[in-house]
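Participant: Under full-length UniProt numbering, the residue at position 136 of the sequence shown is numbered 136, and the numbers go up by one with no gaps.
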Amino acid sequence: MDFLMSGLAACGACVFTNPLEVVKTRMQLQGELQAPGTYQRHYRNVFHAFITIGKVDGLAALQKGLAPALLYQFLMNGIRLGTYGLVEAGGYLHTAEGNLSHSRSAAAGAVAGIMGAYLGSPIYMVKTHLQAQAASEIAVGHQYKHQGMFQALTEIGQKHGLVGLWRGALGGLPRVITGSSTQLCTFSSTKDLLSQWEVFPPQSWKVALAAAMVSGIAVVLAMTPFDVASTRLYNQPTDAQGKNWVPKSSAASCSVSASLLGTKDVGIMKGQTGHQLFKVTQAPGWSPILLGTQSG
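Structure (structure tokens):
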């Protein structure tokens, strides 16, 4: 039941946060491997991006990739939060004295995140492709011509097999390890502190909501550099063998340094504002589930 409820809660939040994810993806792809000032900035900030996408691509474009986004959230968070809840319920995250172990909580969050993200990696890849698709005048990054999630998965599977479907999965693991461990550990710690300080009434839903928002901010600060690299790896064009095709001048692009090659220091933090809004807005959706996992 924990797995089902976690997945459904994440899907509910995803409907409202997917437009932010579209904006974040495009801002992260903008100026890929190009020096500042050498490319046209279609999206100056998150608010300008919303207006630009709405005007050029239409309002419906703000929900591009919604189907794979919903499926990914159900798989990833169903497995991640459900597994973490089982570990918490089993008492494995606390010391003999009954105190929360931050190292155990972070480790459990990282392992649970890896499981969910790796299984859902093909869905996340297609989601990225669909969200990046735009009219030529505001297009950024490589433009795939997918017609939908199932068509994309079928085409990639037929051309490149399972290896092609899981392309970029390993490159996305640092993002998930950092994000999941930070989120779940920070949520647990913040919730315990709020309870100790009696900021809200005992067992109040406000405790979970406040802790979820704090952990969401922490996640963005820790995960954004890895998120930029992961988005670009997933969206790269492929060669005939289904492997990422990278220009000779950017052979190091398979690491976080890829973002630094063309965009200097700010490259690794592209889309941070959109990502922050995404996480904080998403918090009310999954905070009740996390509260349930923490109540033991």
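Glycine included, C-beta positions come from ideal geometry on N, C-alpha and C.
Compare the Cα-Cα distances from Lys159 to each of Tyr39, Ser188 and Thr238 and report the closest residue.
Facilitator: Ranking Tyr39, Ser188 and Thr238 by Cα distance to Lys159 puts Thr238 first.
Participant: Is it the case that the segment 67-74 contacts the segment 147-165, given that we only count it when at least three CB pairs across the two stretches are under 8 Å?
Facilitator: Cβ pair count under 8 Å is three or more, so yes.
Participant: Can you tell me whether DSSP reads Leu62 as helix, strand or coil?
Facilitator: It is helical.
Participant: Which residue or residues does DSSP assign as beta-bridge partners of Asn244?
Facilitator: Thr238.
Participant: Using alpha carbons as the reference points, say which of Gln147, Val228, Thr182 and Thr231 lies closest to Ala211.
Facilitator: Ranking the options by Cα distance to Ala211, first place goes to Thr182.
Participant: Is the beta carbon of residue 300 sitting closer than 8 Å to the one on Gly171?
Facilitator: This structure leaves residue 300 out entirely; the chain is present only between 1 and 296.
Participant: Quick check on Thr38: buried or exposed, where buried means 16 or more other Cβ atoms within 10 Å of its Cβ?
Facilitator: Thr38 should be labelled exposed.
Participant: What do you reckon, are the CB atoms on Ile138 and His48 nearer than 8 Å?
Facilitator: No, the Cβ-Cβ distance between Ile138 and His48 is not below 8 Å.
Participant: Report the rounded CA-to-CA distance for Leu59 versus Thr178, giving the unit in angstroms.
Facilitator: Between Leu59 and Thr178, the C-alpha separation is close to 33 Å.
Participant: Between which two residues does the alpha helix (DSSP H) containing Leu170 stretch?
Facilitator: First-last of the alpha helix (DSSP H) with Leu170: Ala169 to Trp197.
Participant: I'd like the list of long-range same chain contacts for Ser101, defined as Cβ closer than 7 Å, with 5 residues on each side in sequence excluded.
Facilitator: Taken in chain order, the residues that qualify are Leu93, His94 and Thr95.
Participant: Our contact map puts Met125 next to Arg167 with C-beta atoms below 8 Å; I'd like the distance itself, whole angstroms only.
Facilitator: Yes, they are in contact, since the Cβ atoms of Met125 and Arg167 sit about 7 Å apart, within 8 Å.
Participant: Taking 8 Å as the threshold (C-beta atoms), are Gly141 and Asn45 in contact?
Facilitator: Going by C-beta atoms, Asn45 is not nearer than 8 Å to Gly141.
Participant: Taking the straight line between their C-alpha atoms, what separation do you get for His275 and Gly90?
Facilitator: With a pLDDT of 47 at His275, under the threshold of 50, the modelled position of this residue cannot be trusted; read the value that follows with caution. So the alpha carbons of these two residues sit roughly 33 Å apart.
Participant: When DSSP builds the beta bridges, which residues end up paired with Leu100?
Facilitator: Answer is His94, bridged to Leu100.
Participant: Taking just the CA atoms, how far does Phe187 sit from Leu20?
Facilitator: For Leu20 and Phe187, the distance between alpha carbons rounds to 22 Å.
Participant: Could you say which of Gly12, Ser6, Gly7 and Lys243 lies nearest to Leu162 if we only look at CA atoms?
Facilitator: The shortest Cα separation from Leu162 among Gly12, Ser6, Gly7 and Lys243 belongs to Lys243.
Participant: By DSSP, does Phe47 sit in helix, in strand, or in coil?
Facilitator: Three-state result, Phe47: helix.
Participant: Apart from the five residues on each side of it in sequence, which residues of its chain come closer than 7 Å, Cβ to Cβ, to Leu29?
Facilitator: Once the five neighbours on either side are set aside, the close Cβ partners of Leu29 are Ala132, Val140, Gly141, Thr231, Arg232 and Asn235.
Participant: Can you have a look at Lys206 and say buried or exposed, based on whether 16 or more other CB atoms are within 10 angstroms of its CB?
Facilitator: So Lys206 counts as exposed.
Participant: State the Cα-Cα distance for the pair Gly109 and Thr25, rounded to the nearest angstrom.
Facilitator: The alpha-carbon atoms of Gly109 and Thr25 are separated by roughly 24 Å.
Participant: What number of angstroms, rounded off, separates the C-alpha of Glu32 from the C-alpha of Gln40?
Facilitator: Those two C-alpha atoms are separated by around 11 Å.
Participant: Are Phe3 and Gly120 close, meaning C-beta to C-beta below 8 Å?
Facilitator: Cβ atoms of Phe3 and Gly120: not closer than 8 Å.
Participant: Do Met76 and Gly116 have their C-beta atoms closer together than 8 Å?
Facilitator: Yes.
Participant: Checking 8 Å against the spacing of the C-beta atoms, do Gly64 and Val23 come in under that value?
Facilitator: Checking the displayed sequence, the identity of residue 64 turns out to be Lys instead of Gly. No. Outside cutoff.
Participant: Can you name, in chain order, every residue of its own chain whose Cβ lies under 7 Å from the Cβ of Ser180, other than the five neighbours on each side?
Facilitator: Taken in chain order, the residues that qualify are Arg80, Gly109, Ala110, Ala112 and Gly113.
Participant: Measuring straight from C-alpha to C-alpha, what distance separates Val220 and Asp192?
Facilitator: Cα to Cα, the separation comes out at about 21 Å.
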